[in-house]
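In UniProt numbering, the protein residues as written are 1 to 238.
What follows is one structure encoded as structure tokens, with my remarks underneath.
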């Protein structure tokens, strides 16, 4: 065999060897008939697109036996859960148990009380001058201190020191002690002078009629023809 023929044979061998190597490499990297480079089957799930999962993937409540699934709202549905209105005491509020009293109406048939008149002073200023008299009341004697009916004045006096005044008289009456006392009770009650029993001696009785700092003392002594009595008043001229 010539040298040229041998070279052509080696060249053909190299070409065939190169073609075989290319076929082997292609088979290694390109899937043929659904096989990957390792020779295993190609997975279609590996290239499938994932389906997104909802953010709220909590457990779904399973309806109980006999319960309509459609009647059970899904807590994930937002407005599907509706609160029921309160009933009973909860709806009535915290003051539901408080008793409400009806308004008090005035009786139109009862007349209103008239305003009370102011009580006049027992002795108006100026204070009288100091003086005495026999058989009558002295000039300037307090006018509300009048003798009882059927009486005779024995003596009277007035003593003044500033606005403070003392007035007194003594008298006899043909009326009984009870009649004379009733007379003065009526006069002094109209002037808001309140009586209290006062000490007395010699079978006499005494009553003190007072209003604030002012007072009038009446002393009565029974006699065969009636009674003797005396008046002593402590007053303030205003």
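For every residue, glycine included, the Cβ atom is placed at its ideal position computed from N, Cα and C.
Once the 5 residues before and after residue i are set aside, which same chain residues still bring their CB inside 6 angstroms of it?
i           : result
residue 151 : 171, 173
residue 307 : The displayed coordinates of the chain run from 1 to 238. Any statement about residue 307 would go beyond what the structure contains.
residue 183 : 148
residue 196 : 208
Take residue i as the anchor and find which of the options has the nearest alpha-carbon.
i           : options            : result
residue 224 : 189, 176, 162, 185 : 176
residue 187 : 137, 148, 136, 230 : 148
residue 240 : 234, 136, 230, 144 : This structure does not reach residue 240, given that the chain is present from 1 up to 238, and the question cannot be answered.
residue 227 : 145, 204, 185      : 204
residue 232 : 212, 238, 222, 206 : 206
residue 193 : 158, 160, 145      : 145
residue 128 : 211, 215, 217, 138 : 138
residue 210 : 161, 185, 221      : 185
residue 179 : 118, 123, 222      : 222
residue 118 : 140, 191, 161, 162 : 191
Please classify residue i as buried or exposed, where buried requires at least 16 neighbouring CB atoms within 10 angstroms.
i           : result
residue 189 : exposed
residue 219 : buried
residue 168 : buried
residue 142 : buried
Since residue i contacts residue j with CB under 8 angstroms, what's their CB separation in whole angstroms?
i           : j           : result
residue 239 : residue 156 : The structure shown has nothing for residue 239, since the chain only spans 1 to 238.
residue 234 : residue 181 : Not confirmed; about 20 angstroms, so no contact.
residue 121 : residue 216 : Not really, about 14 angstroms apart at Cβ, beyond 8 angstroms.
Going along the chain, which residues of its own chain have a beta-carbon closer than 8 angstroms to the beta-carbon of residue i, five neighbours each way excluded?
i           : result
residue 136 : 153, 156
residue 202 : 221
residue 162 : 127
residue 140 : 128, 129, 131, 158
For residue i, collect the residues of the same chain with a Cβ closer than 7 angstroms to its Cβ; drop the 5 residues on either side in sequence, then sort them by chain order.
i           : result
residue 164 : 236
residue 212 : none
residue 198 : 206, 207, 208, 217
residue 241 : An answer regarding residue 241 cannot be provided, because it is not within the stretch 1 to 238 covered by the chain.
Shorter than 8 angstroms from the beta carbon of residue i to some beta carbon of chain C?
i           : result
residue 138 : In summary, chain C is missing from the structure at hand, where a single protein chain is found.
- request: Could I get the ranges of all uninterrupted alpha helix (DSSP H) runs contained in the stretch 160 to 202, with 4 residues as the minimum, in chain order?
  value: Residue ranges of uninterrupted alpha helix (DSSP H) with 4 or more members, entirely inside the stretch 160 to 202 and ordered along the chain, are 177 to 190.
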